[in-house]
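Engineer: Residue 1 is where the sequence shown starts when you use the numbering used here, and the numbers rise one by one after that.
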Amino acid sequence: MNLRKNNGFTLIEVIVSIAIIAMIGVVLSGFITTTLKARNISLDRLKTLALCTSYLNEIKSIQDEFTKEDDIKDWLDDEGFTPQANYFKKNENSIVLKVYINEHLDVPGLYEIKINGKAVNASELSISTVIKGGD
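In structure tokens form, the structure reads like this:
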């Protein structure tokens with residue numbers, strides 16, 4: 001009788017191991033790709049929010065200079081916004097900004113300023129505030 005000990009792996013065991021490792025690799029690569037896409041979208045939205053907030057804060061800080069709606073429009077024009085049908089538009093760092101001015105509030109001298117921002121790969125977001133112009 002000739003009995004030998006097998007100290008290695010058989011070909012079937014090696015193939016099964018490689019197949020399992022390959023399946024795990026495919027699942028992980030899909031997870032990593034999805035995570036990176038979500039990260040980039042979140043980063044774009046964060047940049048958009050920061051830019052919109054920056055303009056809104058600047059408007060709020062100088063709101064006493066705005067005695068009428070035309071003053072706000074002139075300031076937006078000076079900042080590089082171009083007038084459209086019912087809003088002002090600006091492209092900045094691949095982010096499209098739209099500023100809407102609503103003066104039709106119940107209290108004279110109050111203006112609602114709404115800024116919409118949209119990055120290329122992210123959904124549009126909107127923030128707004130109400131300012132009181134100077135007298």
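Where a beta carbon is used, it is the ideal one built from N, C-alpha and C, also for glycine.
(1) Compare the beta carbon distance of residue 131 and residue 49 with 9 Å and say whether it is the shorter of the two.
(2) For the alpha helix (DSSP H) that contains residue 28, what are its first and last residues?
(3) Which of the three DSSP states, helix, strand or coil, is assigned to residue 105?
(4) Would you be able to state if there are at least three C-beta pairs under 8 Å between the stretch 82–100 and the stretch 14–29?
(5) Which one or two residues does DSSP pair with residue 120 in a beta bridge?
Structural biologist: For this structure:
(1) No, the pair does not count as a contact, with Cβ atoms beyond the cut-off.
(2) In the DSSP annotation of this structure, the continuous segment of the alpha helix (DSSP H) that includes residue 28 starts and ends at 11–61.
(3) In the structure shown, residue 105 sits in coil (DSSP, three-state: anything other than H, G, I, E or B).
(4) Touching, no.
(5) The partner list for residue 120 (beta bridge, DSSP) is empty, contrary to what the question assumes.
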